[in-house]
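What follows is one structure encoded as structure tokens, with my remarks underneath.
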Amino acid sequence: MTFKPDSRNMSLLVVLAALMAGCAFGQPAWAASQEMKIEQLPPAVLEKADPAVAEEAAPAASNPGPVVLNVEEAVFMALRQNASFRVDSLSPSITQTYETQEEAAFDPTVSATLSQTWLENDPEDLSESMGLEVGLQKQIPAGTAIQAGVSRNPATISAPASNSYDLEITQALLQGRGREVNLVGLRQARLDTAISAYQFRGVAEALVASVEEAYWDNVLAERSIGIYEKSLEIAKRQAEEVRERIKVGKLAETELAAAEAELASRRESLIDARSDLAKSRLALLRLINPGGDRQFSLDLKLTQPPDLNMEEPMADTDSHVALGLKQRADLNQARLALSQDELEVVRTRNGLLPKLGLFLSLGGTQYTESFSVLDADEWNHGLTAGLTFEFPVGNRAAKAEHKRAALALDQAQASLRNMGQLVELGIRTAYVEVERTREKIKATEATRKLREETLNTETEKLRLGKSTTLTVAQASRDLVESQISGVQAVIDFRKAMLALFQAEGSLLERRGIRAGEPTF
């Protein structure tokens, strides 16, 4: 088929190419649309901690004094300065680059070729001509491929120099047709970004929990040292008193062994407590990462006591479970992964169809010199249309891929149900532990008071000669244990609450850490 439009054809082709090239600037509308079939998700991307608190908590590198911290300051310092957390914080941004990469598949591609040709017409006649080709290609999410080009063709032995243009449009009619299948890669990349954001949220929650646990371990070790130091002083006085009573004949010399054994036991407990404090201090310093070449040599001064309000209200178990099933980062990751598997089923289902394409090709040539029956500068235009078809016999590869995608989707759905049960079990177990530690605080306080009375009674009986040094030492040891247990119970309650908040995925919000929503 041949037709001869006016000379504006070339100008229109250039305008068309320019318009297509313009699509490369800015984000296309289809890329900005939110066409995901996913419910709105709770906050998942950590925005920032309070910088004022973190800056106040961070000591100067040259400051040799102790690092003074309460729990909140320790948490914000860790979020700001923890070395491992800084590494993990880059993951969402790295993952997001794959979105841009997927969007780039629909960006126009411009190509150009410049050439120089020399022809020897006779031994004394050497001619030269320059060739130029400019092309443009673009894929459209609907399944359309567009190619356009203009060229200045140099002369050859068999033909003179010429100008030409071509425009080809191909539309997929079966396999590869429609935005639903052609945007699968982009939508999966966006889901990957959201998954990475939830993973980062989980890392942040784990860091906050670790910092608080390490903080309270330090507090427990400090309180234990104080208790053991006081008990050591009491043991020293008791041993000295026993020696004096033995000198005046009020006690047998055999009573001294029990008093000295108790004194040695107190020294041993104090040594262990100091070692525990040193190790817990190093663990907390590693988490908050105060900086400096000698950061592990810094001392800590923890200002927040383990005291708490026992009347703190608690929601019922079902409320915590409901919040956890909505808020847990790992559950939301699993939901997004399930959506990815659904998209994969869409893609592979389309792959079962034959390849059927409709193409339309428009082209034209203009010779700069007379050639054959064509006059110089006369355009010869052509239009071609047709269909292409391709389908492998049996199509076994596509069928296997689709079956694999469907099975993976079933597996992801079963995994999500199983994870939901595990989350609920973890929340209910954590709730039971909170109630246990709450009641244990009251029990340890009652035990401490009774053992204090027992020690006073046995000490008085020893002065009257109605008890033994061993009995008094045992009563003293029981009192020390009850005092340690009292502090331990309060800290266990705090840790149990921490575990509950982490199990339900609300720890960041409860600690005042702001978060944004993932976008995909």
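So the sequence shown is numbered by this note's numbering: it starts at 19 and just counts up by one. Just so it is clear, CB atoms sit at the ideal spot from N, CA and C, and this is done for glycine as well.
Backbone secondary structure at residue i - three-state DSSP
{"i": "Arg367", "result": "helix"}
{"i": "Gln189", "result": "strand"}
{"i": "Ser283", "result": "helix"}
{"i": "Arg543", "result": "Outside the shown range of the chain, which is 19 to 538, sits residue 543, and nothing can be said about it."}
{"i": "Thr541", "result": "Beyond the ends of the chain as shown, which are 19 and 538, falls residue 541; an answer cannot be given."}
{"i": "Gln351", "result": "helix"}
{"i": "Gln492", "result": "helix"}
{"i": "Gln322", "result": "coil"}
{"i": "Ala166", "result": "strand"}
{"i": "Met148", "result": "strand"}
{"i": "Ile509", "result": "helix"}
Environment of residue i [buried if 16+ CB atoms lie within 10 Å]
{"i": "Glu476", "result": "buried"}
{"i": "Glu522", "result": "buried"}
{"i": "Gln436", "result": "A small correction: the amino acid at residue 436 is Asn; Gln does not occupy that position in the sequence shown. With fewer than 16 other Cβ atoms within 10 Å, it is exposed."}
{"i": "Ala70", "result": "Note that Ala70 scores 48 on pLDDT, short of 50, meaning its location in the model is unreliable; the coordinates nonetheless yield the value given after this. Classification of Ala70: exposed, given that the 10 Å Cβ count is below 16."}
{"i": "Phe407", "result": "exposed"}
{"i": "Thr455", "result": "buried"}
{"i": "Asn474", "result": "exposed"}
{"i": "Ile509", "result": "buried"}
{"i": "Ala275", "result": "exposed"}
{"i": "Trp136", "result": "exposed"}
{"i": "Ile289", "result": "exposed"}
{"i": "Met332", "result": "exposed"}
{"i": "Arg299", "result": "buried"}
{"i": "Gln119", "result": "exposed"}
{"i": "Arg469", "result": "buried"}
{"i": "Lys458", "result": "buried"}
{"i": "Val266", "result": "exposed"}
{"i": "Thr462", "result": "buried"}
Beta-carbon spacing of residue i, residue j below 7 Å
{"i": "Gln99", "j": "Asn236", "result": "no"}
{"i": "Gly438", "j": "Arg466", "result": "no"}
{"i": "Thr383", "j": "Ser182", "result": "yes"}
{"i": "Thr162", "j": "Gly375", "result": "no"}
{"i": "Glu278", "j": "Ala296", "result": "no"}
{"i": "Ala352", "j": "Leu434", "result": "yes"}
{"i": "Ser147", "j": "Ala179", "result": "yes"}
{"i": "Val85", "j": "Leu302", "result": "no"}
{"i": "Leu371", "j": "Gln193", "result": "yes"}
{"i": "Val199", "j": "Arg365", "result": "yes"}
{"i": "Leu356", "j": "Ala430", "result": "yes"}
{"i": "Leu440", "j": "Glu223", "result": "no"}
{"i": "Pro5", "j": "Leu154", "result": "In the structure as shown, the chain starts at 19 and stops at 538, and residue 5 therefore has no counterpart that could be examined."}
{"i": "Gln313", "j": "Gln206", "result": "no"}
{"i": "Ile445", "j": "Val363", "result": "no"}
{"i": "Ala416", "j": "Gly342", "result": "no"}
Other residues of its chain near residue i: CB distance less than 6 Å, five sequence neighbours each side excluded
{"i": "Leu185", "result": "Ala166, Leu380"}
{"i": "Pro110", "result": "Ser214, Ala215, Phe218"}
Residues near residue i by beta carbon distance below 7 Å, same chain, minus five either side
{"i": "Arg292", "result": "Ile243"}
{"i": "Gln501", "result": "Ile245, Arg466"}
{"i": "Val89", "result": "Glu230, Tyr233, Gln322"}
{"i": "Thr196", "result": "This sequence places Gly at residue 196; Thr is not what is there. Here the set comprises Ala160, Gly161."}
{"i": "Thr489", "result": "Glu476"}
{"i": "Phe519", "result": "Leu525, Arg528"}
{"i": "Arg14", "result": "Outside the displayed range of the chain (19 to 538) lies residue 14, so it cannot be described from this structure."}
{"i": "Ser228", "result": "Leu305"}
8 Å Cβ shell around residue i - same chain, five flanking residues per side excluded
{"i": "Pro324", "result": "Trp234, Val237, Leu238, Arg241, Val505, Val508, Ile509, Arg512"}
{"i": "Ala101", "result": "Asn307"}
Residue-chain proximity (residue i, chain C), Cβ-Cβ < 7 Å
{"i": "Arg367", "result": "Among the chains in the structure shown there is no chain C, since it carries only a single protein chain."}
The ligand FAD heavy atom lying under 6 Å from the CB of residue i
{"i": "Glu258", "result": "In terms of ligand content, the structure shown is empty, and the ligand FAD therefore cannot be addressed."}
Note down, one range per segment and in chain order, each alpha helix (DSSP H) of at least 4 residues found wholly within the region 222–269. If one requires a minimum length of 4 residues, no alpha helix (DSSP H) run lies completely within the region 222–269.
Curious, which full-length beta strand (DSSP E) runs of at least 3 residues does the region 102–144 contain? Taken in chain order, the complete beta strand (DSSP E) segments of 3 residues or longer contained in the region 102–144 are 127–140.
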